[in-house]
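Colleague: One structure follows; several queries about it will come next.
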Amino acid sequence: MAANNTATTSTATHGTTAVDTARHIETAAASAAVTYRAVTWNDLDAIVDAFYATWGVDEPGDPHIARLTSRHFVLHYLEPATRGEIAEKVDGTFLGVTLSRVAGRPVLFPQVSGELARVNAELDATPDGADALARTEAWHALEERMEADIAINDRTPAELELFVVAPAARGHGVGGTLWRNLLASFAEAGAPRYYLHTDSSCDVGFYEHKGLARVAERYAKDHPGEHVGDGEDIYIYEGEVAA
Numbered sequence: 001m002a003a004n005n006t007a008t009t010s011t012a013t014h015g016t017t018a019v020d021t022a023r024h025i026e027t028a029a030a031s032a033a034v035t036y037r038a039v040t041w042n043d044l045d046a047i048v049d050a051f052y053a054t055w056g057v058d059e060p061g062d063p064h065i066a067r068l069t070s071r072h073f074v075l076h077y078l079e080p081a082t083r084g085e086i087a088e089k090v091d092g093t094f095l096g097v098t099l100s101r102v103a104g105r106p107v108l109f110p111q112v113s114g115e116l117a118r119v120n121a122e123l124d125a126t127p128d129g130a131d132a133l134a135r136t137e138a139w140h141a142l143e144e145r146m147e148a149d150i151a152i153n154d155r156t157p158a159e160l161e162l163f164v165v166a167p168a169a170r171g172h173g174v175g176g177t178l179w180r181n182l183l184a185s186f187a188e189a190g191a192p193r194y195y196l197h198t199d200s201s202c203d204v205g206f207y208e209h210k211g212l213a214r215v216a217e218r219y220a221k222d223h224p225g226e227h228v229g230d231g232e233d234i235y236i237y238e239g240e241v242a243a
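Sequential numbering of the sequence shown, starting at 1, is according to full-length UniProt numbering.
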């Protein structure tokens, strides 16, 4: 979001105040301290930590199960990914990530399937873990049904699998830069359209501001007997890639 500041001092030049200039320098310095690079396998733990901090819910009596469930989700999104980008500070502190896929491109990490199977087996080894895994798999199945209902994969070759920005990075342009880089990668791959899954626990207004259209929706109140997630409304958004 851009702010339109009014000149308030006699030192203003062409509508820019000394305060505006100082803010610009501060923002530029903050942006310069962020680096962007391709995801590596060694980033997995940092991505899981960020996912847990954003969406993780401790399971009753065993926070370890919630951590494993967060790892399952990240691996689920990483398994089909053909591109991933990390934003971080110069000291390596995690600031954000995007994971995406374009149909027909090779996946980033073939070893994901084995790690996902290991995590699932660990979850399935206890009653509480098995229950958490069953609810997680039900969420995935629901998303797949929503995709099939609108045949979105028949017309849309690209998908944003995961988009996380750390709280400390918000307001510093990290999310916007990751987003622009994502769309540039879709354009380079020749993908004319893309889609993503999201829900009411996320800032869906961001996607609407970016021009995406909501093409599927499932409201929890309409499905009282289907216990998926924690009562979130679930959506699919679709967007066009500028040539």
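No residue lacks a Cβ here, since even glycine has one placed at the ideal position from N, Cα and C.
Give me, in chain order, the residues of the same chain whose beta-carbon lies closer than 7 Å to that of residue 75; leave out the 5 immediate sequence neighbours on both sides.
Modeller: If we look at residue 75 and ignore the five residues flanking it on each side, its Cβ neighbours are 112, 115, 116, 119.
Colleague: Look up residue 91 in the DSSP assignment and say whether it is helix, strand or coil.
Modeller: Three-state DSSP puts residue 91 in coil, outside helix and strand.
Colleague: Determine the DSSP secondary structure at residue 114, reduced to helix, strand or coil.
Modeller: helix
Colleague: Which partner residues of residue 197 appear in the DSSP bridge assignment?
Modeller: 236
Colleague: Going by the CB atoms, is the gap between residue 84 and residue 39 shorter than 9 Å?
Modeller: For residue 39 and residue 84, yes; Cβs fall inside 9 Å.
Colleague: Could you please give the first and the last residue of the uninterrupted alpha helix (DSSP H) stretch that includes residue 109?
Modeller: Taken as a continuous stretch (DSSP letters only), residue 109 belongs to no alpha helix (DSSP H), as it is neither H nor E.
Colleague: Less than 9 Å between the C-beta atoms of residue 232 and residue 203, yes or no?
Modeller: No, the pair does not count as a contact, with Cβ atoms beyond the cut-off.
Colleague: Taking C-beta to C-beta, are residue 186 and residue 107 nearer than 9 Å?
Modeller: no
Colleague: Give me the residue from 126, 140, 36 with the minimum Cα distance to residue 91.
Modeller: Ranking the options by Cα distance to residue 91, first place goes to 36.
Colleague: Using a Cβ-Cβ cut-off of 6 Å (strictly less than) and excluding sequence neighbours within five positions of residue 175, which residues of its own chain qualify?
Modeller: 165
Colleague: Taking buried to mean at least 16 other C-beta atoms within 10 Å of its own C-beta, is residue 155 buried or exposed?
Modeller: exposed
Colleague: Can you tell me where the alpha helix (DSSP H) with residue 142 in it begins and where it stops?
Modeller: 127-150
Colleague: Between the C-alpha atoms of residue 223 and residue 128, what's the straight-line distance to the nearest angstrom?
Modeller: Between the alpha carbons of residue 223 and residue 128 lies a gap of roughly 24 Å.
Colleague: Which word fits residue 218, buried or exposed, when buried means at least 16 other C-beta atoms lie within 10 angstroms of its C-beta?
Modeller: Looking at its Cβ environment, which holds 16 or more other Cβ atoms inside 10 Å, residue 218 is buried.
Colleague: With a Cβ-Cβ cutoff of 9 Å, do residue 236 and residue 215 count as a contact?
Modeller: The answer is yes: Cβ separation under 9 Å.
Colleague: Helix, strand or coil for residue 78 per DSSP?
Modeller: helix
Colleague: What's the call for residue 110, buried or exposed, on a 16-neighbour Cβ count within 10 Å?
Modeller: Exposed, because fewer than 16 other Cβ atoms sit within 10 Å of the Cβ of residue 110.
Colleague: Strictly by DSSP, which residues pair up with residue 47?
Modeller: For residue 47, which the question treats as bridged, DSSP gives no partner whatsoever.
Colleague: Could you check if residue 276 is buried or exposed, using at least 16 other CB atoms within 10 Å of its CB as the buried criterion?
Modeller: Nothing about residue 276 can be reported from this structure: the residues present for the chain run from 1 to 243 only.
Colleague: Determine the DSSP secondary structure at residue 231, reduced to helix, strand or coil.
Modeller: coil
Colleague: Tell me whether residue 23 sits in a helix, a strand or coil according to DSSP, three-state version.
Modeller: Because the pLDDT of residue 23 is 34, which lies under 50, any placement of that residue in the model is unreliable, and the number read from its coordinates should be weighed accordingly. Per DSSP, reduced to three states, the secondary structure at residue 23 is helical.
Colleague: How far does the beta strand (DSSP E) with residue 158 in it reach, from first residue to last?
Modeller: 158-165
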